[in-house]
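**Q** Below are the structure tokens for one structure; questions will follow.
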Amino acid sequence: GAGLGLFKIAIERNQARNAGRDARWQYLDLIARAKDNGLQKMIGYVLGTNPKMLGLVSELGFEIADIDDDPDFKLVSLTV
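Below is the structure:
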């Protein structure tokens, strides 16, 4: 059957020096766990004013889409 997983990745500003590396590893771990648990798709929200995170999820293969009723965020999704 289909499963639903909920996750959040938050990097504090005072951790900015290692934020990209840490976020990349967190995402890679989440993608692996999603596959291991039989999830079919990962969906998340990223602030549209966060180009580094949008770049990271794009590099990891996530699709990025506008959200009609919330222009501040982008919808990111990955088929796993």
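Sequential numbering from 98 applies to the sequence shown in the working numbering. Where is the CB? At the ideal position from N, CA and C, for every residue including glycine. Remember, predicted model here, so these are calculated numbers, not experimental data.
Among 149, 151, 121 and 132, whose alpha-carbon lies nearest the alpha-carbon of residue 176?
**A** Taking only the C-alpha atoms, the option nearest residue 176 is 132.
**Q** If you follow the alpha helix (DSSP H) that residue 152 is in, where does it begin and where does it stop?
**A** First-last of the alpha helix (DSSP H) with residue 152: 148-156.
**Q** What whole-angstrom Cβ distance do residue 155 and residue 161 have, given they're in contact under 8 angstroms?
**A** Contact holds; Cβ gap of about 6 angstroms.
**Q** My guess is that residue 142 and residue 170 are in contact by the Cβ rule of under 8 angstroms, so how many angstroms apart are they, rounded?
**A** Yes, they are in contact, since the Cβ atoms of residue 142 and residue 170 sit about 5 angstroms apart, within 8 angstroms.
**Q** Give the straight-line distance between the Cα atoms of residue 168 and residue 139, rounded to the nearest whole angstrom.
**A** Cα to Cα, the separation comes out at about 21 angstroms.
**Q** By the three-class DSSP mapping on this structure, what secondary structure does residue 98 have?
**A** With a pLDDT of 49 at residue 98, under the threshold of 50, the modelled position of this residue cannot be trusted; read the value that follows with caution. Coil, per DSSP.
**Q** Just how far apart, CA to CA, sit residue 150 and residue 127?
**A** Distance between the alpha carbons of residue 150 and residue 127 is about 15 angstroms.
**Q** For a quick check, are the C-beta atoms of residue 121 and residue 153 less than 8 angstroms apart?
**A** Yes, Cβ-Cβ distance for residue 121 and residue 153 is below 8 angstroms.
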